[in-house]
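In the working numbering, the protein residues as written are 4 to 213.
The beta-carbon is built from N, C-alpha and C at its ideal position, and this holds for glycine as well.
First comes the structure, then the notes that go with it.
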């Protein structure tokens, strides 16, 4: 298992520099891009769920890249309610494709970042090898406009989420043939006390050969 340390880098985004953290793993060409939750509620790339997603991919030997959306931390620009943030994500993906020799992309996101990851996936020339969304924001952002999704997706959802309505998430993916929704009993939005089972389930879907 790779235990590569994270390197601080800067990627040029649509509104200026984007602050990012990069690890380089042992599996050639494999990289995971991870999107953080809503900056309006204090979301950054240092969020513990984002960190858990990063560690899961890293421990499987993938390179990883988590980054701050525009207006967060040292990233330039202002919050754009999910529209510009999708452009940020696409700029990051374009950068890793050009500079890191990526041939296999895992794309993951938490909450607001789950919507961004899904929206970015719909605009890529090729669907990510894995798309993993944790408690994706399907109500506050226009998730319906992304449907039907063009490829498979794995969704991790706490049954006691008080930020994103679980029933709204279940309904959003019920008609997606390529969707797997994993439900976590007794689990809130931030997966307090549930990060270990979350990591185990994400590892399962990332390594699923089906």
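Three-state class that DSSP yields for residue i in the structure shown
i           : result
residue 35  : strand
residue 194 : coil
residue 5   : Because residue 5 carries a pLDDT of 45, less than 50, the predicted location of this residue cannot be relied on, and no value is offered for it.
residue 141 : coil
residue 205 : helix
residue 98  : helix
residue 57  : helix
residue 119 : helix
residue 46  : coil
residue 150 : coil
residue 80  : coil
residue 91  : helix
Cβ-Cβ separation, residue j to residue i (assumed contact under 8 Å), whole Å
i           : j           : result
residue 28  : residue 64  : 5 Å
residue 2   : residue 191 : Outside the shown range of the chain, which is 4 to 213, sits residue 2, and nothing can be said about it.
residue 109 : residue 131 : 6 Å
residue 25  : residue 9   : 7 Å
residue 112 : residue 105 : Wrong, their Cβ atoms sit about 17 Å apart, outside the cutoff.
residue 96  : residue 167 : About 24 Å; that fails the 8 Å criterion.
residue 58  : residue 39  : Not quite, the Cβ-Cβ distance comes to about 15 Å (not below 8 Å), so this is no contact.
residue 60  : residue 198 : Incorrect: roughly 15 Å between the Cβ atoms, too far for contact.
Endpoints, the beta strand (DSSP E) within which residue i is located
i           : result
residue 19  : 19-26
residue 10  : 10-16
residue 135 : 133-137
In DSSP terms, what residue i is bridged to
i           : result
residue 182 : 156
residue 66  : 34
residue 107 : 33
residue 112 : 38, 136
residue 187 : 161
Span of the alpha helix (DSSP H) around residue i
i           : result
residue 171 : 169-177
I want to know whether the region 149-160 touches the region 127-140 - three or more CB-CB distances under 8 Å. yes
Whether or not the region 27-42 and the region 51-66 are in contact is what I'm after, with contact meaning three or more pairs of Cβ atoms, one per stretch, closer than 8 Å; do they touch? yes
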